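Taking numbering that gives the first Met the number 0, the leading residue of the sequence shown gets 0, the next gets one more, and so forth. Beta carbons are placed, not taken as given, at the ideal position from N, Cα and C, and that holds for glycine. Fair warning: this is a prediction, and the values are worked out from it, not measured in the lab.
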Amino acid sequence: MSIFPKRTIQGETVTIHWNFNTSNLNDFHVLPWVRIGIKNPLGKVTMLFEGHVLGLPDEPKELKTEEPKLKYLNKSVPLLLLADYLSGKHKKEKLVEILENIQSGRHYYFTYKVPKNAPLGKYHLISEIHINGELRLSKTAADDFFFVEKMSSKKIEKFNDHHQVLIFNHSPEKTPVKIVGCIPTLEGKMQTTVNVFEMGGYEEKKVPLTTSLSFLLYNEERQVIPLQESFTNLLLRNQQISSLNKSGGDIYLFKKENTEAYHLNESQRILWQKANGLLKTESLTKNERMLLEEMVAEDLIHYLSL
């Protein structure tokens with residue numbers, strides 16, 4: 000079985016892929032009782048599927064004709080299965096087996112909505128096939144799990160002329176994290192420093208802040224937490240607007256629903272270029288704040304919070 004993603008957060012959805020392989024059915028059918036479910040870290044079980052699944056044999060070899068004919072309804076490639084293969088160290092033979100079973104197998108997909116108040120930690124997948132009194136478990140049972148994670152930053156304190164932040168892993172399980180320090184350049188570009196490490200269960204860790212902009216990334220980098228305070232009322236250019244830069248330095252802005260263009264004067268051009276999503280409102284001059292209100296009213300610049 001395959002689970003995607005393997006790391007998630009409260010309130011998100013996990014997708015589970017189950018392959019019912021009927022290629023070994025020659026002259027008999029099967030009708031097993033199948034149970035697919037999730038067991039959370041506290042032992043509570045949520046069933047996603049309980050029912051009989053009918054498997055029918057292929058036609059006898061002696062009835063097969065020389066002319067090739069279709070044997071299966073065409074099935075889309077289960078990308079979850081390939082993603083699971085690529086996420087770990089597997090032999091090439093495993094990939095061959097996956098590709099060979101794509102058409103002969105029957106692919107089922109189940110979704111599990113992680114509750115917003117769900118316990119953090121390791122969730123195990125329940126996969127049972129009951130057939131003729133025999134219980135068959137998933138061949139991938141050792142890997143049939145996913146994690147629900149949560150990280151936070153608690154406070155910033157000064158230490159030896161530098162600032163450091165306390166980050167906390169709320170999960171009882173180990174959680175990989177990435178600290179990215181951002182260094183804006185005078186040319187308007189950005190350089191970064193990166194530190195990747197693993198947080199133990201319930202671990203608190205002090206992280207030095209060596210740049211003016213630092214972020215904590217976790218949950219396979221989908222979750223981003225600013226480590227400096229006051230990351231509200233940031234300014235970002237409307238990302239749905241096209242811009243045309245003229246050779247003389249003039250900038251024209253085009254909205255998709257409007258044929259008219261906005262011509263920016265010098266002061267507006269500077270503010271437009273500065274509004275990169277990390278620009279703080281409080282860093283603006285009085286004149287820039289007046290321009291900002293005009294450009295916000297025209298939907299050229301947006302406020303956002305990280």
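Check, Outcome
"For E128 versus V33, is the C-beta spacing smaller than 9 Å?", "According to the sequence shown, residue 128 is Ile rather than Glu. It is a contact, given that the beta carbons lie within the stated cut-off."
"For T209, which residues from the same chain have a beta carbon less than 8 Å from its beta carbon, with the 5 sequence-adjacent residues on both sides left out?", "H161, G180 and T192"
"Count the other CB atoms within 10 Å of the CB of Q267; is the residue buried (16 or more) or exposed (fewer)?", "buried"
"Nearest-angstrom Cα distance between V190 and T184?", "What sits at residue 190 in the sequence shown is Gln, not Val. Q190 and T184: Cα-Cα distance of roughly 7 Å."
"What are the start and end residues of each continuous beta strand (DSSP E) run of 3 or more residues lying completely inside the segment 174-222, in chain order?", "174-183, 189-198, 203-208 and 212-217"
"Check whether the Cβ atoms of I250 and N244 sit closer than 9 Å, and answer yes or no.", "yes"
"When you compare only the Cα positions, how much space is there between Y261 and E219?", "40 Å"
"Roughly how many whole angstroms lie between the Cα atoms of Q238 and K38?", "42 Å"
"What's the C-alpha gap between N20 and R105?", "6 Å"
"Using 10 angstroms around the beta-carbon of M294, count the other beta-carbons present and answer buried if the total reaches 16, otherwise exposed.", "buried"
"Less than 9 Å separating the beta-carbons of L303 and L215?", "no"
"Tell me which same chain residues have a C-beta within less than 8 Å of the C-beta of G199, skipping the five on either side of it?", "N168 and K173"
"For M150, report the span of its beta strand (DSSP E) as first-last.", "M150 to F158"
"Going by the DSSP bridge assignment, what does T45 pair with across the sheet?", "I37"
"Kindly confirm or deny that the segment 6-21 and the segment 108-128 touch, where touching means at least three C-beta pairs closer than 8 Å.", "yes"
"Using 10 angstroms around the beta-carbon of V164, count the other beta-carbons present and answer buried if the total reaches 16, otherwise exposed.", "buried"
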